[in-house]
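*Asks:*
Number of protein chains: 2
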Amino acid sequence: MATTPRSRRDRPAKPALSREAIVAAALEIAAEEGVEAVTMRRLAQALDTGPASLYVYVAGREALEELMLETAAGEVEVEETDPERWREQLHSLLERMGRMMSERYPGMAKLGMARIPVGDNVMRITESMLSLLKAGGASDQAAAYAGDILSMYVGAIAYEQSLYAQPADDPEAIGAEHERIHRAFVAADPGRYPTVAALGPAMVRGDGHERFRLGIDVIINGLIATPMDGRLSEPPAALGDEEVWPPDAPKG
Amino acid sequence: MATTPRSRRDRPAKPALSREAIVAAALEIAAEEGVEAVTMRRLAQALDTGPASLYVYVAGREALEELMLETAAGEVEVEETDPERWREQLHSLLERMGRMMSERYPGMAKLGMARIPVGDNVMRITESMLSLLKAGGASDQAAAYAGDILSMYVGAIAYEQSLYAQPADDPEAIGAEHERIHRAFVAADPGRYPTVAALGPAMVRGDGHERFRLGIDVIINGLIATPMDGRLSEPPAALGDEEVWPPDAPKG
DNA sequence: GTACGGAACGAACATCGTTCGTGTCAAGGT
DNA sequence: ACCTTGACACGAACGATGTTCGTTCCGTAC
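Here the protein sequences line up with chains A and B, keeping their order.
Quick note on numbering: the working numbering labels position 39 of the first sequence as 39, and the sequence is numbered without any gaps.
To convert a position in the second sequence, counted from 1, into the working numbering, add 1000.
1) Please list the partners that residue 131/A has in chain B, where partner means a Cβ-to-Cβ separation under 7 Å.
2) Of all the CB atoms in chain A, is at least one closer than 9 Å to the CB of residue 1035/B?
3) Suppose contacts are defined by Cβ-Cβ distances below 9 Å. Is residue 1205/B in contact with residue 141/A by that definition?
4) Could you tell me the distance, in whole angstroms, from the CA atom of residue 181/A to the CA atom of residue 1116/B?
5) Restricting to Cα atoms, I'd like to know which of 159/A, 130/A, 58/A and 157/A is closest to residue 148/A.
6) Sorted by chain position, which residues of the same chain lie with C-beta nearer than 7 Å to residue 99/A's C-beta, five sequence neighbours on each side aside?
7) Run the proximity test for residue 1212/B: is its beta-carbon closer than 8 Å to any non-hydrogen atom belonging to the ligand ATP?
8) If you reduce the DSSP assignment to three classes, tell me which class residue 240/A lands in.
9) Show which residues of chain A have a CB atom less than 8 Å away from the CB atom of residue 1140/B.
10) Report yes or no: do three or more beta-carbon pairs, one from the segment 1076 to 1086 of chain B and one from the segment 1032 to 1039 of chain B, lie closer than 8 Å?
11) As a quick exercise: from 53/A, 225/A, 201/A and 73/A, pick the residue whose alpha carbon is nearest that of residue 127/A.
12) Going by other Cβ atoms of all chains shown within 10 Å of its Cβ, with 16 needed for buried, is residue 102/A buried or exposed?
13) Taking residue 127/A as the query, report the chain B residues whose CB atoms sit under 7 Å from its CB, ordered along the chain.
14) When the Cα of residue 1114/B is compared with those of 1096/B, 1201/B, 1106/B and 1155/B, which residue comes out closest?
15) Quick check on this structure: which residue in 186/A, 70/A, 202/A and 52/A has the alpha carbon closest to the alpha carbon of residue 17/A?
16) Mapping the DSSP letters down to three states, classify residue 1207/B as helix, strand or coil.
17) As an exercise, report each continuous alpha helix (DSSP H) stretch of at least 4 residues that is fully enclosed by the segment 1009 to 1096 of chain B, in chain order.
18) Can you tell me whether residue 81/A is buried or exposed? The criterion is at least 16 other CB atoms within 10 Å of its CB, across all chains shown.
19) Kindly indicate which residue of 152/A, 136/A and 55/A has the alpha-carbon position closest to the one of residue 112/A.
20) Just to confirm my understanding: we take residue 1050/B, look at its own chain, exclude 5 residues before and 5 after, and list those with CB closer than 6 Å. What are they?
21) Using the beta-carbon count (16 or more within 10 Å), is residue 1222/B buried or exposed?
22) Between residue 1061/B and chain A, is there a C-beta pair that is closer than 9 Å?
23) What residue range is occupied by the uninterrupted alpha helix (DSSP H) comprising residue 226/A?
24) Under 7 Å Cβ-Cβ, which residues of chain A neighbour residue 1093/B?
25) Can you tell me the Cα-Cα spacing of residue 158/A and residue 201/A, whole angstroms?
26) Per DSSP, what kind of secondary structure is residue 117/A in: helix, strand or coil?
27) Skipping 5 residues on each side, what residues in its chain have a beta carbon closer than 6 Å to that of residue 146/A?
28) Take residue 1216/B and list the residues in its own chain whose beta-carbon comes closer than 8 Å to its own, dropping the five residues that flank it on each side.
29) Could you check what DSSP says for residue 139/A in three-state terms: helix, strand or coil?
30) Please state whether DSSP places residue 201/A in a helix, a strand or coil.
31) Could you give the distance in angstroms between the alpha-carbon of residue 1125/B and the alpha-carbon of residue 1028/B?
32) Short of 6 Å in beta carbon distance, which residues of its chain neighbour residue 1065/B, apart from the five on each side in sequence? Order them along the chain.
33) So which of 1038/B, 1120/B, 1189/B and 1183/B has the shortest CA-CA distance to residue 1075/B?
34) Expressed to the nearest angstrom, what Euclidean distance is found between the alpha-carbon atoms of residue 957/B and residue 139/A?
35) Quick one: residues in its chain with C-beta nearer than 8 Å to the C-beta of residue 61/A, no 5 flanking neighbours on either side, listed in chain order?
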């Protein structure tokens, strides 16, 4: 390596390690090379120290990921709710969320799905989302449920996007992945998979942005069109039924 | 260790390694200890051999995961479409998918989301799903799109479930995770997050199964209620627009 | 001036996926 | 009956990961 072999101890002056500086450096790496590139060693190297030093401020990798996600969530802009433009504002908010998790910090979506984040900055976004849904006339129950499903939708789309837009070290690979999917659906065997073969062209139509916006409208319209009465009713449903799936969910 | 120190070479007779045997052993481990527990070493140990031997039949870990997912997909039962009961059959199919990915093989959902699977067994499920949607009267475009979003929904739910139902080595941790989420939403600061605080009780209401089924109906009803005309239209939308998100998706 | 305590560090450990070179064994040709 | 060959299996090792241990440094309070 070209680095000076002398010990780092007698270097002139370091910017003083801190939790904020560590997270900032981690996000910088994530922005440039993707979240996957953020390892404890790589991060320590960027801060001109060793991996062990990080553990003074961060409990471990998992805690670091949580801090990264929470800090990145703080960069997502949140407008004040204008009831007249609730649907437009909701689309816009979800789009910013998706951009943050797949464009600004490639691979961040994975961190968002690996846990259920409850930090202040994330809560800020949730608050805005729920406020917009209420402005749209949703019932409490519908709005609450939409918060869940919309977050999940954005995260899943962003994650899927990050599968294609991997680090730009091999631009050809992207096309190859597209090609693989395309062929599988369009050229499906009409004998065994008649419906897939018939719908193949329809499945690969439209660009990502169009599909993303459409999906959001589908969910919103679905919530409006689906009666909630008698479902998600007041008393928590009886538990202990082994046959239902998913078996459980956060509740009181 | 308590194992015999003598070389494995002079053991009586081994069941002859094969790709099928490897995948079967991997799924057995996944069923008992979760997908995370399937490492090349652990898998080799279960087959009474070394890690290197696996690479004769399986290209690597990624290829193994693909084989596991595809083989597990083969265990998902698929009914013949009965147009009269399309919605019921669709619910049932999605539920079986979810169960496979979170109950039968905990953690399998992660594998399903890490790539877009196109194997025969997965295609079999897609075929059934699309067939049911067509039986429900969906347009080609709506059915094709629903296939996407419903798969994503099931995968995301199953993945979220696997976050709670980790390996049963610490039953207390599950309750703790519930507790963490519950507190965050129900006891949110009404000053900063008024809507979250107001909707907190609604957000944690209902059990998982109820929410799962409701989500499916929301998507189905949303597809019915959302006009597709002029959206996802015939000619692929113009590309090269840097401002749209997601930037791209598999298409012709 | 000195002792204390947190911060930083070098080295190491355990585990992971993967590769290399060699050993083994059975089938097939001579 | 012997030899050759080639695919398979294996032990050992490599590089990279997250994490921990014991020590060293340095600023600060006494």
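Glycine residues also receive a C-beta, built at the ideal position from the N, C-alpha and C atoms.
*Replies:* To lay it out plainly:
1) 1195
2) no
3) yes
4) 7 Å
5) 130/A
6) none
7) The ligand content of the structure shown is nil, which means the ligand ATP is not present either.
8) Unreliable placement is indicated for residue 240/A, whose pLDDT of 32 sits below 50; the coordinate value is still reported in the next sentence. It is coil, neither helix nor strand.
9) 198, 199 and 202
10) no
11) 73/A
12) buried
13) 1193, 1195 and 1196
14) 1155/B
15) 52/A
16) coil
17) 1019 to 1033, 1040 to 1046, 1051 to 1054 and 1061 to 1073
18) buried
19) 152/A
20) 1044
21) buried
22) no
23) That residue, residue 226/A, is in no alpha helix (DSSP H); it is neither H nor E in DSSP.
24) Residues of chain A passing the Cβ test: none, with the nearest at roughly 12 Å.
25) 23 Å
26) coil
27) 133 and 223
28) 1090, 1091, 1094, 1150 and 1153
29) coil
30) helix
31) 22 Å
32) 1111
33) 1120/B
34) There is simply no residue 957/B to check, as chain B begins at 1001 and stops at 1252 in what is shown.
35) 40
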